[in-house]
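Inspection log for the structure reproduced underneath, given as structure tokens.
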Amino acid sequence: MTGRLKTGGLPQRQRRHGLPAGRKPIQSHCFPFGQQNAVNQLIFDFARSDYPGFDKFLGTANRELIYVLQQAQDQFVYVWGQRGSGKSHLLKAWVAQAREQGHHAVYIDAETAPLDETALSAEYLAVDGADRLQADEQALLFEIFNRFRNGARGRLLLSADVPPQQLTVREDLRTRMGNCLVYDIKPLGDEEKIDALVGMAGARQLALEPEIFRYLLTYWRRDMDSLVQMLDTLCHYAATTRRRITLPLLRQLLKQQDTP
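Counting in the UniProt record's numbering, the sequence shown tops out at residue 260, every number present.
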């Protein structure tokens, strides 16, 4: 297969912009913490499903990519994008779909779990963070590439923060990755992020003004995971202080946070 870098959608199928919304639905109200921890230590438990579905992927700009992953006809696919763009969500959804179809599918997060020889038995293998593999793991992934290609079986889905040509991995492996079907995942636009956050607040029965999230986008981290985490922290902070969620309350909370 020759390498194909997909940076634009087909006219009839726009690529889906997205971000993981595959969290177990956020609670409909705010719960105070059992203990009074320092505000900058408030931790959000996403309570996300281990394997969210494609239908929970927010936005509209990566529709073609999702179609390709759902069809699973391409043997080797490589997706890349900034942190928080939804790579893990897509890989987990792909694995979940394969399992539902009766395949032996494995998801590996290179940051938290080693890629070892147990992966050789997988029919569908998703490696999240392929740009962070150690030397021995790179050698194993190269072997997996060759086994899948020579046997005309197996499906491999890789993710990284950068496109293949920018990887700092062994050259033969980088060549293999460059020959994958390559997609860059586009992050949500600001208005899409705001709409999503307003909707998530609404799921908690909270009617929050968009201006609150516009302020958050300006003075806090901009990736969706961090924004959703701050929404939860803000909810807890409001419950702890027994105050309504307003722009002044958000400003007060941000002053107590570590510098982004």
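Yeah, the Cβ is synthetic: ideal placement off N, Cα and C, and Gly gets one too.
- The Cβ atoms of Gly53 and Ala96 sit closer than 8 Å to each other.
- In the DSSP annotation of this structure, Phe76 is not part of any alpha helix (DSSP H); the continuous beta strand (DSSP E) holding it starts and ends at 76–80.
- Measuring C-alpha to C-alpha distances from Ile185 to each of Gln101, Val79, Gly199, Pro210 identifies Val79 as the nearest.
- For Arg155, the three-state secondary structure derived from DSSP is strand.
- Beta-bridge partners of Asp184 (DSSP): Trp80.
- Ranked by Cα distance from Lys92, the options Ala105, Arg170, Thr60 are led by Ala105.
- Classified as exposed, Val162 has fewer than 16 neighbouring CB atoms from the shown chains inside 10 Å of its CB.
- Collapsing the DSSP output to three states places Asp128 in a strand.
- Look at Val106 here: in three-state DSSP terms it is strand.
- For Asp116, the closest C-alpha among the options Ala122, Phe148, Glu137 is that of Glu137.
- Sorting Asp128, Tyr124, Arg132 by C-alpha distance to the C-alpha of Glu100 places Tyr124 at the top.
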